[in-house]
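Residue numbers (my numbering): 1382 to 1462. Yeah, the Cβ is synthetic: ideal placement off N, Cα and C, and Gly gets one too. Note that this is a predicted model, so its numbers are computed, not measured. Each remark here refers to the structure printed beneath this line.
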Amino acid sequence: MSLEEMKAIVVEYLTQAKKSKHYFNDLQKAIQKKFPDASLRDVKKACNELIAEGKITYFSTGSTTMYCLAGREGETTDKGE
């Protein structure tokens, strides 16, 4: 399990998902499907690196912070609707 593999899983998950915004737990579950032993710290590190690279961004609702692909943060509806 490498950090690059986890980052690829996150980007793939966000690209294929119908929703544009996701909770951290959603990303953690996506990684743990392939790497059951992935720690919370490793998942967080992968997400933070993707944010630093500009591939994903934070989206804040005011009370909750979510993650989305860069460029999709303005979407208000699901794909295909």
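Check, Outcome
"Endpoints, alpha helix (DSSP H) assigned at F1405", "F1405 to K1415"
"Where Y1404 falls, given that 16 or more other Cβ within 10 Å makes a residue buried", "exposed"
"Straight-line Cα distance separating I1437 from C1428", "8 Å"
"Any chain B beta carbon closer than 8 Å to A1389", "The structure shown contains no chain B; it holds only a single protein chain."
"Rounded C-alpha distance that separates Y1448 from K1402", "6 Å"
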